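> Heads up, the sequence shown is in the UniProt record's numbering, so the first residue is 1 and it goes up one at a time. Yeah, the Cβ is synthetic: ideal placement off N, Cα and C, and Gly gets one too. Note that the structure is predicted; figures quoted are calculated from it, not measured. Pasting a structure here, questions to come.
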Amino acid sequence: MTTQQPDIPGTPGPRTPDLEERTAPTSSDDAAMPAPDQRGPASVSPTGQDTGADPATAAQGCPYLTTAHGTRLQDSDHSLKAGRRGPTLLQDHHLREKISHFDHERIPERVVHARGAGAHGVFRGYGTAAKITRAGVFAKDKETPVFVRFSTVAGSRGSFDLARDTRGFATKFYTDEGTWDLVGNNMPVFFVQDAMKFPDVVHSVKPHPDREIPQAQSAHDTFWDFVSLHTEAQHHTIWNMSDRGIPRSYRMMEGFGVHTYRFIAADGTTSLVKFHWKPKLGAHSVTWEEALVTNGADPDFHRRDLADAIEAGAFPEWELGVQVFEDTEDQTVEGIDLLDPTKLVPEELVPVQPIGLMTLNANPTNYFAETEQVAFNPANLVPGIDVTNDPLLQGRLFSYLDTQITRLGGPNWTQLPINRPHAQVNDMLRDGMHQSAVHRGVAPYRPNSLDGGMPFEAPADERAFIDHPEPLPASVKERAHAASFDDHFSQARLFFLSLSEVEREHVAQAYTFELGKCFEETVRVRQLRALAAIDARLAETVAAGLGREVPEPAESPADVTPSPALSQVGGQWPLDGRQVGLVVGPEADAGELGTAVQGIHDAGMVPLVIAPRGGPVADGIVAQRTYLTAASVELDAVVVMGATPPAADAQHGLDAKSAADAPEGVDPRVAKLVQEAWRQAKAVLGVGEGAAVLDALKITGTLGVESVEGGAAAVAKLRELMPAHRVWERFGTTGRFAD
Ligand code: HDD
């Protein structure tokens, strides 16, 4: 075997180029090198953050390869050796630096929410909150840069996107008055009522400590042991078991601040609020079958979807809204304790009032620098927004700052570009690991007479952390909670009864699957008792699936009034950014295909042309997917444009059953794609001879399946069928959960 020789003539190993040589790229492959005047990516992100890419300040200031201290290098492929076949020399600085830096490239991943995706954007206030909070971020038409990070909770950084899990929804507002972080989830309630239990619930959902399995899953004994013993977790758990646990896209998730916060108006009056993010595209989910397939076929599904949509200009938007409550002494609404983070307040009782709009309009330049290093903290508050005594929130106020010290290697992480406030900073914090500020002066204390008295205390009307003079109940120190925190089941029941029939079926299936993966009988029985306290039909269905009797309920199911706003079914939503698969055969009708592509674009959706193989399909139209690479889960609708006879490689990438089941005359991969889309209740259309494909698959005449004449008619049908997200009636139900 021959090894590649150094391309430098003469003595092997590095040599000192003469001055003339230094002005030219050192690689023989000049075309691959940036031109000497080529700048790196923009130094300032769309939200005004220094991305660290500024040639003047950071890593990519010249087109030449250099060491970390800026000396230019010539050979990065060969270590310095004593002779070509001799031992490597310790004096090779470049080798040592390169390997040592690589050895330290990773930082600890987040203890929870390790896997995520981020985006930059802007928040525009409507002015509607101005009467109840002095926070400038909500002023009419005030624009504030934001950075959002979405995440799963339980899995490691390298796990998959479609785990059944809660999703993080954390927003950093770089306001003029300091940074405000709204660190929420896609579910309005939390597992536990007291921060003291947070490490416990997290330990229970994480992989078992002996074998470190399962990854990114709640379907195991320790999780169900915890939630069946700490029944306050039942409400959050039923949200996880519902379709909300497997969102279709980060763009199609609601967000919730969960806790009750306090707004303080300019005149000092206060109100209590709960934050809600409402996605313009509506809240949607995938099915469990889609989740399972996707985790294998495309584990980056949500990350890709977010980045692709932003790159395509389909900027996702959310309206921020608040439920507003009087700041009374008992802090309850219709018996719901506002300090209990396991409770929501139904929107039918207290409506969500819109106060601003967030648009995500730019992808990060560098995943590590921005999405990985961004550090949120619910204690980052601005004047006009304050906390309440929610015991979960109180613990969070400590935890986030603390965790960043380990994760980001010291106390100066607020100096990292993505975390740097846009408001001016003048603190008296000094030194520490990775200090990159060069502080002037000699007196970082106050008052002082040596640095001109600076920094000064802020005038009364500009200060943050104005402690609201909330009266505290005369009390004694104790480790206990209020009696109102003892109701663990009524809202879990409220949620279940608020769902549509098909959503309830999904919940029952999810519990049956998860408990079916548990080994310990005591855990299953205890959880069945909890289910019996939520809904007898639910408990019976799950128990039947597990092959057991229903045990006595943990308590009698409560009388509750459902909240229809909690269901994801029944509305009509905009089509923006929805993906439509256009399946063509080798003889694609270029005219009809072009009309369909254009019409789908015009409707704000994304056409994905799926052809037997890659490359051009028709004039100006290129295949974006092939029969081999297309996945039904990424499509919100499928249109078969003409005949799709089996291609020469028709069996490629198929399981034996799908191959055998395909009807004659249809490529089996197309048959599988269309059948999956049909099973997942998506709109399926046939254009021209495409109708024969639907006939052969025996789906013609079923709900949401239509044969149409041409591309224009197909687009019109899509506009009609797709706003409901799915053809819900096509999902079969057992009838057990009908009202
Ligand atoms: Fe938390 C991260 C949301 C309770 C302690 N949490 C983290 C993130 C989100 C949430 C979205 C990821 C932020 C990012 O993208 O960097 N957490 C919540 C919500 C909660 C909640 C909505 C309840 C309503 N969390 C909670 C409690 C504690 C923590 C009670 C501790 C007492 N959370 C953390 C943490 C993390 C975190 C350990 C891990 C990484 C990080 O903070 O930066 O400090």
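Would Q527 and S228 be called neighbours here (beta carbons separated by less than 8 angstroms)?
In the sequence shown, counting from the first residue as 1, residue 527 sits at position 527. In the sequence shown, counting from the first residue as 1, residue 228 sits at position 228. Taking 8 angstroms as the Cβ cut-off, Q527 and S228 qualify as a contacting pair.
> Under 8 angstroms, do E289 and N363 count as touching if we go by C-beta distance?
For the purposes of this step, residue 289 is identified with residue 289 of the sequence shown, where counting begins at 1. For the purposes of this step, residue 363 is identified with residue 363 of the sequence shown, where counting begins at 1. Not closer than 8 angstroms, so no.
> Using 8 angstroms as the cut-off, can you tell me whether the segment 345-359 makes contact with the segment 314-329, which would need three or more C-beta pairs spanning the two stretches below that distance?
yes
> Classify T733 as buried or exposed, calling it buried when 16 or more other Cβ atoms lie within 10 Å of its own Cβ.
Mapped onto the sequence shown, residue 733 falls at position 733. Classification of T733: exposed, given that the 10 Å Cβ count is below 16.
> Measure the C-alpha to C-alpha separation of T406 and H235 and round it to an integer number of angstroms.
Stepping through the sequence shown from its first residue, residue 406 is reached at position 406. Stepping through the sequence shown from its first residue, residue 235 is reached at position 235. The alpha-carbon atoms of T406 and H235 are separated by roughly 32 angstroms.
> Could you give the C-beta distance for A114 and R149, rounded to a whole number, given that I count them as a contact under 8 angstroms?
Working through the sequence shown from its first residue, we reach residue 114 at position 114. Working through the sequence shown from its first residue, we reach residue 149 at position 149. Separation of the CB atoms of A114 and R149 is rounded to 11 angstroms, and the pair is thereby denied contact status at 8 angstroms.
> Using alpha carbons as the reference points, say which of N412, A532, F256 and G255 lies closest to R493.
Walking along the sequence shown from the start, residue 493 turns up at place 493. Out of N412, A532, F256 and G255, A532 has the C-alpha closest to the C-alpha of R493.
> Between which residues of its own chain and K172 is the CB-CB distance below 7 angstroms, once the five residues before and five after are set aside?
Locating residue 172 in the sequence shown gives position 172, where the first residue counts as 1. The residues are V146, F147, T179, D181, V374 and F376.
> Given this structure, state the Cα-to-Cα distance separating F456 from N448, to the nearest angstrom.
The residue labelled residue 456 in the question sits at position 456 within the sequence shown. The residue labelled residue 448 in the question sits at position 448 within the sequence shown. Looking at the backbone, the Cα of F456 and that of N448 are separated by about 10 angstroms.
> Rounded to whole angstroms, what's the CA-CA distance from P108 to A660? Just pull it up for me.
As a position in the sequence shown, residue 108 is number 108, starting the count at 1. As a position in the sequence shown, residue 660 is number 660, starting the count at 1. Taking the straight line from one Cα to the other gives about 48 angstroms.
> Using the DSSP secondary-structure output, state which residues sit across from P346 in a beta bridge.
Looking up residue 346 in the sequence shown gives position 346. Paired residue(s): none; P346 is not in a bridge.
> Following a CB-centred definition, is G155 positioned closer than 7 angstroms to any heavy atom of the ligand HDD?
Taking the sequence shown and counting its residues from 1, one reaches residue 155 at position 155. It does not: the Cβ of G155 is nowhere closer than 7 angstroms to a heavy atom of the ligand HDD.
> Flag this pair as yes or no: are the beta carbons of L95 and L80 separated by less than 8 angstroms?
Locating residue 95 in the sequence shown gives position 95, counting from the first residue. Locating residue 80 in the sequence shown gives position 80, counting from the first residue. Taking 8 angstroms as the Cβ cut-off, L95 and L80 qualify as a contacting pair.
> Looking only at C-alpha atoms, which of T270, A82 and R679 sits nearest to K698?
Translated into the one-based positions of the sequence shown, residue 698 becomes position 698. It is R679.
> Please confirm whether I246 and F496 have their CB atoms less than 8 angstroms apart.
The residue labelled residue 246 in the question sits at position 246 within the sequence shown. The residue labelled residue 496 in the question sits at position 496 within the sequence shown. Not closer than 8 angstroms, so no.
> Quick test of the definition: if touching needs 3 or more C-beta pairs under 8 angstroms, does the segment 579-593 touch the segment 601-614?
yes
> Does DSSP put T294 in a helix, a strand or coil?
In the sequence shown, counting from the first residue as 1, residue 294 sits at position 294. Three-state DSSP puts T294 in a helix.
> In or out: Q91 buried (at least 16 other Cβ within 10 Å) or exposed?
Position 91 of the sequence shown, counted from the start, is the residue given in the question as residue 91. Label assigned to Q91: exposed.
> When the Cα atoms are used, what is the spatial distance from H468 to V387?
Locating residue 468 in the sequence shown gives position 468, counting from the first residue. Locating residue 387 in the sequence shown gives position 387, counting from the first residue. Straight-line Cα distance between these residues: approximately 9 angstroms.
> Compute the minimum distance between the beta carbon of T359 and the heavy atoms of the ligand HDD, and state whether it is under 7 angstroms.
Looking up residue 359 in the sequence shown gives position 359. Result no, Cβ not under 7 angstroms from the ligand HDD.
> Near D37, which residues of its chain fall below 6 angstroms by C-beta distance, leaving aside the five closest residues on each side in sequence?
Indexing the sequence shown from 1 puts residue 37 at position 37. With a pLDDT of 36 at D37, under the threshold of 50, the modelled position of this residue cannot be trusted; read the value that follows with caution. Closer than 6 angstroms at the Cβ level, and outside the excluded window around D37, lies no residue.
> What are the start and end residues of the beta strand (DSSP E) that includes D695?
Counting from 1 along the sequence shown, the entry for residue 695 is found at position 695. From DSSP, D695 is part of no beta strand (DSSP E) but of the alpha helix (DSSP H) over G690 to A696.
> Taking its Cβ as the centre, do 16 or more other Cβ atoms sit within 10 Å of R22, making it buried, or is it exposed?
For the purposes of this step, residue 22 is taken as the residue at position 22 of the sequence shown. Confidence at R22 is low in this model, with a pLDDT of 36, below 50, so the placement of that residue should be treated as unreliable; the coordinate-derived value is given next. R22 should be labelled exposed.
> Within its chain, find whatever has a CB closer than 8 angstroms to the CB of Q394; leave out the 5 residues flanking it on each side and keep chain order.
As a working mapping, residue 394 is identified with position 394 in the sequence shown. A195 and V387.
> With 16 other CB atoms within 10 Å as the buried threshold, where does F368 fall?
Within the sequence shown, the letter at position 368 stands for residue 368. Exposed, because fewer than 16 other Cβ atoms sit within 10 Å of the Cβ of F368.
> Taking all protein chains shown into account, do 16 or more other C-beta atoms lie within 10 angstroms of the C-beta of D487, making it buried, or fewer, making it exposed?
Counted from its first residue, the sequence shown places residue 487 at position 487. Counting Cβ neighbours within 10 Å, D487 comes out buried, since at least 16 surround it.
> Could you pull out every unbroken beta strand (DSSP E) segment of at least 3 residues lying fully inside the segment 302-355, listed in chain order?
Here the runs fully enclosed are 317-326.
> Mapping the DSSP letters down to three states, classify A369 as helix, strand or coil.
For this step, residue 369 is matched to residue 369 along the sequence shown. Helix.
> Taking the continuous alpha helix (DSSP H) assigned at M241, which residues delimit it?
Residue mapping note: residue 241 aligns to position 241 of the sequence shown, counting from 1. Per DSSP, M241 belongs to the alpha helix (DSSP H) from Q234 to M241.
> Around the Cβ of F465, are there at least 16 other Cβ atoms within 10 angstroms (buried) or fewer (exposed)?
As a working mapping, residue 465 is identified with position 465 in the sequence shown. The residue in question, F465, is exposed, as its Cβ has fewer than 16 Cβ neighbours within 10 Å.
> Alpha carbon to alpha carbon, how far is A631 from R304?
Sequence index remark: in the sequence shown, residue 631 carries index 631 (1-based). Sequence index remark: in the sequence shown, residue 304 carries index 304 (1-based). Between the alpha carbons of A631 and R304 lies a gap of roughly 14 angstroms.
> Shorter than 7 angstroms, the distance from the beta carbon of S151 to the closest heavy atom of the ligand HDD, or not?
Position 151 of the sequence shown, counted from the start, is the residue given in the question as residue 151. Proximity of the beta carbon of S151 to the ligand HDD is indicated: a heavy atom of the ligand is located closer than 7 angstroms.
> Only counting the same chain, and skipping five residues up and downstream in sequence, which positions put a Cβ closer than 7 angstroms to that of S490?
Numbered from 1 along the sequence shown, position 490 holds the residue referred to as residue 490. If we look at S490 and ignore the five residues flanking it on each side, its Cβ neighbours are A558 and V560.
> Whose C-beta lies closer than 7 angstroms to the C-beta of residue 751 among residues of the same chain, with five residues either side of it excluded?
Here the chain has residues from 1 to 739 only, and residue 751 is not among them.
> Output needed for V708: all residues of its chain with C-beta closer than 7 angstroms, excluding positions within five of it in sequence on either side, in chain order.
Translated into the one-based positions of the sequence shown, residue 708 becomes position 708. Cβ within range, chain order: L685, V687, A714 and K717.
> Residue ranges of each beta strand (DSSP E) run of no fewer than 3 residues wholly in the segment 109-134, ordered along the chain?
116-125
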